[in-house]
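A.B. asks: Okay, so the sequence shown: first residue is 1 according to UniProt numbering, each after it adds one.
C-beta atoms are modelled at their ideal positions from N, C-alpha and C, and glycine is treated no differently.
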Amino acid sequence: MILAPLVAFFGCNSIFSNSLVSGGVAAVVANVVLIGYVYVAFNEEIDTEGEKSRKGE
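As structure tokens, then:
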């Protein structure tokens, strides 16, 4: 996940030879990674103490 924006930047930089386009693509990839982290965080099930005690009964 950390390497995705770097790979996107240097990959696009070697293809297009324009750092502005490469930077834009890297920014888009970084935002996609961030949205992925937020999505996983919101869908993660959180175990609270009340749920743990109810499961044990």
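According to DSSP, is Ile-15 helix, strand or coil?
C.D. replies: Ile-15 falls in the helix class under three-state DSSP.
A.B. asks: For Ile-46, does the three-state DSSP call read helix, strand or coil?
C.D. replies: Correct three-state label for Ile-46: coil.
A.B. asks: Ignore the nearest five residues each way along the sequence and tell me which others in Ser-19's own chain have a CB closer than 8 Å to its CB.
C.D. replies: So the list reads Asn-13, once near-sequence residues are dropped.
A.B. asks: Could you check if Val-29 is buried or exposed, using at least 16 other CB atoms within 10 Å of its CB as the buried criterion?
C.D. replies: When all chains shown are included, Val-29 counts as buried.
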